[in-house]
Amino acid sequence: MEEISSAEYDDWYYYAQHEPIGPARHDYNNAMLCTLLANINRGEKSKPFTMHDFLHFEEQPEKKKHDPVDLSEMIKVQLAGMKSSNR
Numbered sequence: 039m040e041e042i043s044s045a046e047y048d049d050w051y052y053y054a055q056h057e058p059i060g061p062a063r064h065d066y067n068n069a070m071l072c073t074l075l076a077n078i079n080r081g082e083k084s085k086p087f088t089m090h091d092f093l094h095f096e097e098q099p100e101k102k103k104h105d106p107v108d109l110s111e112m113i114k115v116q117l118a119g120m121k122s123s124n125r
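Going by the numbering used here, the first residue of the sequence shown is number 39, and it counts up by one from there.
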């Protein structure tokens, strides 16, 4: 197995925190397909289904506004990753 730098690890860690990957991504994809099929086959007077009707895990908490300190840390991680990839 190849080794990765700490900067690349930080990039992947940041990505995993902000984008669903793995089982969470599969749940979203399946929920989207179920929503499509359910809405195609629902009655004309029925309320349209949403993806949240088919998600099997807890709803994500409402997105909060980012703290400026958090934003600066995210920018540092991204810049460090860009700097290490240019070497």
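For every residue, glycine included, the Cβ atom is placed at its ideal position computed from N, Cα and C.
Residue i vs residue j beta-carbon contact at 7 Å
i: V7; j: Y52; result: Nothing can be reported for residue 7, as the shown portion of the chain is limited to 39 through 125.
Rounded separation between residue i and residue j - CA only
i: P61; j: L93; result: 12 Å
i: M120; j: E41; result: 18 Å
i: E111; j: Y66; result: 28 Å
i: E57; j: S84; result: 32 Å
i: S43; j: I59; result: 21 Å
i: Y47; j: L109; result: 18 Å
i: D27; j: L71; result: This structure does not reach residue 27, given that the chain is present from 39 up to 125, and the question cannot be answered.
6 Å Cβ shell around residue i - same chain, five flanking residues per side excluded
i: F87; result: T73, A76, N77
i: R63; result: none
Same chain, Cβ closer than 7 Å to residue i, neighbours up to 5 away in sequence not counted
i: N79; result: none
Exposure of residue i, with buried meaning 16 or more beta-carbon neighbours within 10 Å
i: D49; result: buried
i: A54; result: exposed
Beta-carbon proximity list for residue i, same chain, < 8 Å, skipping 5 on both sides
i: I6; result: The displayed coordinates of the chain run from 39 to 125. Any statement about residue 6 would go beyond what the structure contains.
i: N68; result: F92
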